[in-house]
Amino acid sequence: MKKMHQIIKTKLALIVFLAIAVSCSKEKGENTIEVNKGIKLALTEAQFGGDNISVAKASAKAGATEPLTITKEIQSGPFSITAELTENTPSNSGLKASTGKKAATKLLSLRGPVTYRVVAYETDGTYIDQAVGDASDSTQVFFGDKLIAGHKYTFVIYSLGSTTTAPPAAPTTNLYTAGQVNFAFANYTENGADFMYAIEKDVTILGNNTPTPLTTPLQHMFTRVTLLVDNSDATGTFGTANYVKGGYLSEVPVQAEWTSPFANPTVDLSTGETLSATNAINVPPVSNLNATARTFIVNQSQSTNFSIALTIPSGQIKIGHDVNAQAVNFNFSNAGLGLKPGFSYTMKLRFNSDRFVNASNVTRTPAAADARYAVIAGYRWDRYNLGVVDVNPATNNPDAVPSVQALYGNYYQWGRQAAVANAYSGDGAIAGWNTTSAPDGSWNNGTAAAPVKAALDPCGTGDRVPSQAEYTRLGTYTRHTSIGNWTTFTGNITVGLSDFTAAHIMTSKKSSDIKLSFPANGHRNPTTGAQLIRQSSAIYWLNTAVGGNNYALQGRGFQSSWDTSNYLKTAGYPVRCIQDK
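Numbering (mature numbering (1 follows the signal peptide of the UniProt record, and there is no 0)), first residue to last: -21 to -1, 1 to 560.
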């Protein structure tokens, strides 16, 4: 009986052991299923918006839209300074926001090794863990030992666009009751302040040794503004709605100052929305502003009516001899609608001082009685040849089409102060023509790069004969056309001498309404003074001798081209004066 009892006990023990073994085996099998490789991200970023705020476009197609553009122009001394704020449209402009289609996305890794932070929560918001990732490394797997296969979780991903510094850590508290992060930005550029955010809820972990992919694109939560100086040429037809004035680059570094607030926000990680924001102080100015685009992140408060404001202090912009005399302030609120969070805008600044002026450099209309001068690329040129009697644009239009004899003025031998002929002297030889060349330096006491008006310079007080560099600058910043009847430039010939209609026209590339007309005077023979090749060339003396011979420099305009060259000092050519600065 005792033996039977022992057998029963042994059997029971064996049964219990087998049961435990089976249970352990089953538990081990279940754990094998539940072991997973966590989550894996191939991060993308949604494009900034830009199609929501639009205006009707003149088009035959119903519903056609175009991005909103706001242009403001302010005068500062001689300058017209224009700021143009334009919405940027996504590259797939066919996907309008109004259609409800998802915005286009691109891999975040295209911006380099952008850092991001991913935070794991239970579905009720209970904090689990967080990690920092690198957008350029798509092999990274997170939370492999923290998640259970078949269970659901919530994940928050955020980045500041930085390739060097990770976003600040999330709190280890419940997402929905205390999931707030404070941001303190070191700068306000895309690389460090571009807050991008995504949340994925109810994500079921796959298990089976397969990482669970997270695919929701990161959304831009603030506003991006790209700032640059636009030095493109004028477009369209002056006087029509499609005309846009061009701009110059400043010849000195431009420092601008943002006067709209940048802020350090507190963000709710459950929504990505800004709860509060503290305005930043001592935001550095935008230094060396030029044609290279500079991108800034603004509107950290995520306001739907954010205004952007920029100031350019006085003395910051220089084009030739022109400098902005007053500070310039621009304020944009997107036509009263406000700059939107998640949208991107471009602000182009155009600096332009081209204009017609009087002797006091006061801007005038082209036909004003005292509008004797034109400023192009910051240099003031006389609109008339030296020696023209009537210099009143109201009665003797310097840009007459065709040109007229009254615009041809005097002829001068290089280095001499007195005129040797004029448009009414006749075309024959001139008795007593001086065949002795003037000394080098007769019109320039300085250097080619830094000219100084000499005593024999024929131009009036405040003006002088231009240098080669000044003529070249004018030629570079203008479009070249011609008017009137032209003859072929073939040397010392007399063809076309009865005509005074031809002129070489230099029209500012930046301002299509500002131009200079150079009558095709030809020249007087260097040995006899006879008139030659009128109507074939608009050649004008410059203030510098070649040096070591009897030649001096010239600026030359032809029917369809221009250049600089040199010729004998004893020839007679017209002179066009420039302001002596």
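Glycine is no exception: its CB is placed at the ideal position from the N, C-alpha and C atoms. Just so you know, these numbers come straight off a predicted model, no measurement behind them.
Let me know if residue i comes out buried or exposed under the rule of 16 or more other beta-carbons within 10 Å of its beta-carbon.
| i | result |
| --- | --- |
| Asp419 | buried |
| Thr52 | The sequence shown places Glu at residue 52, not Thr. It counts as exposed. |
| Val(-6) | The predicted model places Val(-6) with a pLDDT of 41, which falls under 50 and marks its position as unreliable, so this point remains unresolved. |
| Tyr519 | buried |
| residue 581 | Not covered by the structure: residue 581. The range shown for the chain is -21 to 560. |
| Asn278 | buried |
| Gly321 | buried |
| Asp361 | buried |
| Lys180 | exposed |
| Asn261 | exposed |
| Asn267 | exposed |
| Asp542 | exposed |
| Lys560 | exposed |
| Tyr137 | buried |
| Ser544 | exposed |
| Ser293 | exposed |
| Ala149 | buried |
| Asp369 | exposed |
| Pro192 | exposed |
| Gln54 | exposed |
| Lys131 | exposed |
| Tyr403 | exposed |
| Phe275 | buried |
| Arg555 | buried |
Helix, strand or coil for residue i per DSSP?
| i | result |
| --- | --- |
| Arg452 | helix |
| Gly536 | strand |
| Thr480 | coil |
| Gly56 | coil |
| Tyr546 | strand |
| Gln447 | helix |
| Gln510 | strand |
| Val554 | coil |
| Gly420 | coil |
| Gly394 | coil |
| Gly186 | strand |
| Asn170 | helix |
| Arg503 | strand |
| Ser266 | coil |
| Arg351 | coil |
| Gln109 | strand |
| Gln384 | helix |
| Tyr358 | strand |
| Gly73 | Note that Gly73 scores 32 on pLDDT, short of 50, meaning its location in the model is unreliable; the coordinates nonetheless yield the value given after this. Three-state DSSP puts Gly73 in coil, outside helix and strand. |
| Leu228 | coil |
| Leu206 | strand |
| Leu254 | strand |
| Ser211 | coil |
| Leu89 | helix |
| Gly411 | coil |
| Asn464 | coil |
Looking only at its chain, what residues have a beta carbon closer than 7 angstroms to the beta carbon of residue i, apart from the 5 residues adjacent to it on each side?
| i | result |
| --- | --- |
| Ser477 | none |
| Asp247 | Gly158, Gln159 and Leu254 |
| Gly551 | Tyr390, Tyr391, Gln392, Val399, Ala400, His502, Arg503 and Gly508 |
| Lys7 | Because the pLDDT at Lys7 is just 32, under 50, the model does not fix this residue reliably, and the point stays unresolved. |
| Arg343 | Phe335, Val336, Asn337, Asp349 and Ala350 |
| Gly215 | Asn221, Tyr222 and Val223 |
| Pro232 | Ser266 and Asn267 |
Taking 6 angstroms as the limit between beta carbons, can you name the residues of its chain near residue i, skipping five residues before and five after?
| i | result |
| --- | --- |
| Val135 | Val98, Ile178 and Leu248 |
| Gly299 | Ala356, Gly357 and Tyr358 |
| Ile291 | Ala235 and Val307 |
| Asn258 | Pro240 and Ala242 |
| Leu86 | Thr23 |
| Asn522 | Trp422, Asn423, Pro430, Val444 and Ser446 |
| Lys163 | The sequence shown places Ala at residue 163, rather than the Lys named in the question. Same-chain partners within the cutoff: Asn243. |
| Ser2 | Since pLDDT at Ser2 reaches only 42, below the 50 mark, its modelled position is unreliable, and the value read off the structure follows with that caveat. Hits under 6 angstroms: none found. |
| Thr466 | Val474, Gly475, Gln514 and Ser515 |
Go through its chain and collect everything with a Cβ distance to residue i's Cβ below 8 angstroms, but skip five positions before and after it.
| i | result |
| --- | --- |
| Ser416 | Trp393, Gly394, Asn529, Leu547, Lys548 and Thr549 |
| Asn464 | Pro381, Gly475, Asp478, Thr480, Ala481 and Gln514 |
| Ala288 | Trp237, Thr238, Ser239, Asn308, Phe309, Asn310 and Phe311 |
| Ala21 | Leu86, Ser117, Pro192 and Thr194 |
At a cut-off of 7 angstroms, is residue i close to the ligand COA when judged by its beta-carbon and the heavy atoms of the ligand?
| i | result |
| --- | --- |
| Arg535 | The ligand COA is absent from the structure shown, which contains no ligands of any kind. |
#### Entry: Three or more C-beta pairs below 8 angstroms linking the stretch 117 to 124 and the stretch 155 to 171
In the pairwise beta carbon analysis, the stretch 117 to 124 is classified as not touching the stretch 155 to 171: fewer than three pairs are separated by under 8 angstroms.
### Query
Does the count of Cβ pairs from the stretch 326 to 335 and the stretch 202 to 218 closer than 8 angstroms reach three?
The stretch 326 to 335 is in contact with the stretch 202 to 218.
### Query
With a cut-off of 8 angstroms, do at least 3 Cβ pairs link the stretch 95 to 113 to the stretch 54 to 68?
Below 8 angstroms, too few C-beta pairs join the stretch 95 to 113 and the stretch 54 to 68 to call them touching: fewer than three.
### Message
For the stretch 517 to 527 against the stretch 368 to 375, do three or more pairs of beta-carbon atoms, one drawn from each stretch, fall closer than 8 angstroms, so that the two count as touching?
### Response
Remark: fewer than three beta-carbon pairs, one from each stretch, lie closer than 8 angstroms, so the stretch 517 to 527 and the stretch 368 to 375 are not flagged as touching.
### Query
Are there three or more Cβ pairs, one per stretch, closer than 8 angstroms when the stretch 419 to 430 is compared with the stretch 334 to 350?
Counting C-beta pairs closer than 8 angstroms gives fewer than three between the stretch 419 to 430 and the stretch 334 to 350, which falls short of the contact rule.
### Message
Which runs of the beta strand (DSSP E) at least 3 residues long sit entirely within the stretch 130 to 158? Give them in chain order.
### Response
Scanning the stretch 130 to 158 for uninterrupted beta strand (DSSP E) segments of 3 residues or longer gives 131 to 138, listed from N- to C-terminal end.
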